[in-house]
Amino acid sequence: MSAFIDARTVAAGSIIETDLAIIGGGPAGISLALALAGSPIKMVLLESGAMNFDGRTQALYAGAESGFPYLKLEGSRLRYLGGSTNHWGGWCRPLNGIDFEARDWLPHSGWPFGRAEIEPYFKRAQSLVEAGPLVYDRGSDWTKEIGAPLDLGDGGVYTSWFQFSKTRTSFLPTHFGRRYADDLRRIAHLSPYVHANVTGLRLAPDATSLDHLDVATLTGNTFTVKPRITVLATGAMENARLLLASNDVAPRGVGNADDLVGRFFADHPIPRDSATLVVFDGRLASFYPNNTTIRGAILRATFSPSEDYQRRHSVLGSLTTVENEVTLDELGRAAVATAAGALGVDGSSAKAFSMGCGIELAPDPDRRLTLGSERDALGMPRLRLAMHVADSNFAHYRETMKELGRQLLAARLGMVRLNQKTHADWLSVMDWGNHHMGTTRMSADPRKGVVDANSQVHGVGNLFVAGSSVFPTYGASNPTLNLVALTLRLAAHLRKVFA
Amino acid sequence: MSPTPKISRRAVTLAGLGVAAAAAIGGIVLEAPRLLRRRARGQYADLVNRLNDPDQAAVVGRALQSHAVPAKEDLDALRAALAKKPFTDVIAADAAEGNLLEADGWILPATLAALCILAAQSA
Ligand SMILES: Cc1cc2nc3c(=O)[nH]c(=O)nc-3n(C[C@H](O)[C@H](O)[C@H](O)COP(=O)(O)OP(=O)(O)OC[C@H]3O[C@@H](n4cnc5c(N)ncnc54)[C@H](O)[C@@H]3O)c2cc1C
């Protein structure tokens, strides 16, 4: 078993040659290395941090935010082995088929392929995130013995399912660094470096291939890695930063001939108390408000618009979970009593629950990361995020919740209150998923995307990008399971490239 | 429809002494159906009195103040529909068809919302 190499101890000025360089040891970088473990491909993994949090390394992530209130750039990700899975929530769900479709009502939407392309990789991805058996939309069968989902009848909203990552030995979700460090050490053809910050992607003079990588440590050491192929896997913010900052040969940055790198940044708004759910008979299966462990899977029900409903009503995706039981004010009590009575049902045992949600944002080129004038301790320009969230994104969500309300009333089961209406309302309950996406979007057309369908940077034959920065449309599902599946697909492609 | 003397909500609570006691079940505290509930009067009393409790409906109706008062033709059409179908089915069908209104965020069948507006007017 080989050890992690401390980049601070590498001889200054050395040139390390390898087949494949993986930049970043988050779930994307680690999954890629693991997927290529059995191959003869000689790999180098370059990770900025080490095994634990370190304030100086984390400070390299600081930047500036403006516009719609958003998280601090250094607070919404982690810079050490395992990346942001060191504090992720472990919520998993595959993207829906519609998330890949180009929709005429949704500008800039659509992937260059359908969900079927990554379908074969979900099983392995599910195992890497340690979320138990792949159940998801079979959740209702799986949980039969606990209870039945609400019978919402015909309509646009249905009960879908989340699953959760959980390390076998802990209640916490899988921290990729800690969990897979030994597996990385066991890969014979892998040299994993820690404290190794890539500070430049250096193109060959004709700009059609990557020549080498500049690596620096916070102790002032520098060296070079010269790979045949490179995969950039530093998370959706840093992927854009490295491409933009590497502007010595291509003045706009690597892969940025069409000014797309850093644009279309996205996250999932997760407003709290977005709506209230009332069930007239007070009976709601425990898998709605609680994570429920059954036969090795941790499941939680969630309300989702069906793909058909999304198509017919031109609405974005959303996932709404039932949170805690709440008491109602006078109007709420009157509304419940009046509606239950008018529907001929007994509302005397009614219960009300606050709901929260994750909302898909429409792709927006002006939601954008650029380089600022400030520099970090390694001399890299810091990021600036211009956050921009149009109110129409929330209007889509209200539409879906209204449909849920309609279904509940029609089925005489319950009702819904939409708790947020105005821009100020939404801001007052806003939180974020920390699901960075979209900054190196994928498209078969080089004018519309930074990477092609194989995740290769357009025009740069030996540079690939892994992670959710390539998502051109985002869906409402949490990204990690999906970006791991996509990375496994990239690994299969790289095997062919190296063959 | 036999007219019932208009009694204020406070009077009901005091007079009922427990009849209008609140039932606290789960998270919602619903008022138990009143024996001495108020009966609506006026032009649309026949419609408003279909509701279990016009006082409660009036609370909802007040949250719908920005909506227009239901048109006479619509209310006549409702009467005609009620001659053929039970009230509860009319309300459920309204929801099923997506005829909905929002009362301070509460999604209601539009017909029910209209009756709540009338209840508020007659309160
Ligand atoms: C609080 C929080 C909760 C979350 N909850 C969920 C959830 O419930 N479900 C879900 O699906 N997702 C969740 N996420 C998102 C999830 O963590 C990310 O989707 C995932 O970690 C991204 O993986 P990645 O490998 O692409 O990038 P990262 O995890 O960001 O990893 C990038 C790696 O690259 C390294 N690196 C960065 N720059 C350099 C450089 N210049 N040189 C060398 N190495 C570098 C970093 O140190 C890091 O290890 C959450 C995130 C946060 C912050």
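Those protein sequence lines, which keep their order, are chains A and B.
Take 669 as the starting number for the first sequence in the numbering used here and just add one per residue.
Take 26 as the starting number for the second sequence in the numbering used here and just add one per residue.
Here a beta-carbon is modelled for each residue, glycine too, at the ideal position from N, C-alpha and C.
Note that the coordinates shown come from a computational prediction; the quantities given were computed from them, not determined experimentally.
Regarding proline 1147/A and ligand 1, is the C-beta to nearest heavy atom distance less than 8 Å?
Because some heavy atom of ligand 1 lies under 8 Å away, the Cβ of proline 1147/A counts as near it: yes.
Cβ of leucine 878/A within 8 Å of any heavy atom in ligand 1?
No, the Cβ of leucine 878/A stays beyond 8 Å of every heavy atom of ligand 1.
Kindly list, in the order they appear in chain A, the residues whose Cβ is closer than 7 Å to that of proline 134/B.
In chain order: Leu1077.
Using a Cβ cut-off of 9 Å (strictly closer), state whether aspartate 99/B contacts chain A.
Residue-level contact check: aspartate 99/B does not touch chain A, since none of the beta carbons of chain A fall below 9 Å from its beta carbon.
When the Cα atoms are used, what is the spatial distance from leucine 1131/A to leucine 900/A?
One C-alpha to the other measures close to 7 Å.
Thinking C-alpha only, which one of Arg940/A, Leu796/A and Phe955/A is nearest leucine 1095/A?
It is Arg940/A.
Segment limits, beta strand (DSSP E) that includes tyrosine 861/A
858–862 is the extent of the beta strand (DSSP E) around tyrosine 861/A.
Below 8 Å, is the gap between the Cβ of serine 1136/A and the nearest heavy atom of ligand 1?
Because some heavy atom of ligand 1 lies under 8 Å away, the Cβ of serine 1136/A counts as near it: yes.
Which value, in whole angstroms, describes the spacing of the CA atoms of arginine 854/A and serine 670/A?
For arginine 854/A and serine 670/A, the distance between alpha carbons rounds to 7 Å.
Given that aspartate 78/B touches chain A, what residues does it touch there, using C-beta distances under 9 Å?
In chain order: Ala1002, Ala1005, Thr1006 and Gly1009.
For the alpha helix (DSSP H) that contains aspartate 879/A, what are its first and last residues?
Note, aspartate 879/A: premise wrong, no alpha helix (DSSP H); beta strand (DSSP E) at 878–884.
6 Å Cβ shell around glycine 868/A - same chain, five flanking residues per side excluded
Closer than 6 Å at Cβ, skipping near neighbours: Asp882 and Ser914.
Based on Cα-Cα distance, which residue from Asp99/B, Pro111/B and Ala70/B lies nearest to alanine 135/B?
Of the candidates Asp99/B, Pro111/B and Ala70/B, the one whose C-alpha sits nearest the C-alpha of alanine 135/B is Asp99/B.
Lysine 31/B, DSSP secondary structure in three states
With a pLDDT of 33 at lysine 31/B, under the threshold of 50, the predicted position of this residue should be treated as unreliable, though the coordinate-derived value follows. DSSP places lysine 31/B in coil when its eight states are reduced to three.
Lysine 109/B: buried (16+ other C-beta within 10 angstroms of its C-beta) or exposed?
Its Cβ having fewer than 16 others within 10 Å, lysine 109/B is exposed.
Start and end of the alpha helix (DSSP H) containing proline 695/A?
695–703 is the extent of the alpha helix (DSSP H) around proline 695/A.
Could you tell me which whole beta strand (DSSP E) segments of length 3 or greater appear in the stretch 729–811 of chain A?
Runs found: 731–735.
Using a beta-carbon distance cut-off of less than 9 Å, what residues from the stretch 1151–1166 of chain A approach chain B?
Result list empty, no residue passes.
By the three-class DSSP mapping on this structure, what secondary structure does proline 95/B have?
Coil at proline 95/B, not helix or strand.
Of all the alpha helix (DSSP H) runs that stay within the bounds of the stretch 902–945 of chain A, which reach a length of 4 or more residues?
Runs of the alpha helix (DSSP H) inside the stretch 902–945 of chain A: 904–913.
Following the continuous beta strand (DSSP E) through isoleucine 855/A, name the residue where it begins and the one where it ends.
Element bounds for isoleucine 855/A: n/a, residue is neither H nor E.
Ligand 1 and glycine 150/B: does the residue's C-beta get closer than 8 Å to at least one heavy atom of that ligand?
What the structure shows of chain B is the stretch from 26 to 148, and residue 150/B is not part of that stretch, so it cannot be assessed.
Could you check where the alpha helix (DSSP H) with tyrosine 826/A kicks off and where it finishes?
Judged by DSSP secondary structure, tyrosine 826/A falls outside any alpha helix (DSSP H) and instead within the beta strand (DSSP E) spanning 825–832.
Could you check whether the Cβ of asparagine 958/A sits closer than 9 Å to any Cβ belonging to chain B?
Answer no: the Cβ-Cβ gap between asparagine 958/A and chain B never drops below 9 Å.
By the DSSP assignment, the alpha helix (DSSP H) with valine 73/B in it spans what residues?
Here the alpha helix (DSSP H) through valine 73/B covers 70–73.
Rounded distance between the beta-carbons of alanine 82/B and leucine 126/B, thought under 8 Å:
The C-beta separation of leucine 126/B from alanine 82/B comes to about 13 Å, leaving the pair out of contact by the 8 Å criterion.
Is any heavy atom in ligand 1 found nearer than 8 Å to the beta carbon of glutamate 813/A?
Checking every heavy atom of ligand 1 against the Cβ of glutamate 813/A, none is found closer than 8 Å.
Excluding the 5 residues flanking proline 730/A on each side, which residues of the same chain have their C-beta closer than 8 Å to its C-beta?
It is worth fixing the name first, because residue 730/A is alanine in this sequence and not proline. Its chain contains Lys740, Leu741, Glu742, Asp1044 and Arg1050 as the residues whose beta carbon lies nearer than 8 Å to that of alanine 730/A, once the 5 sequence neighbours on both sides are disregarded; these appear in chain order.
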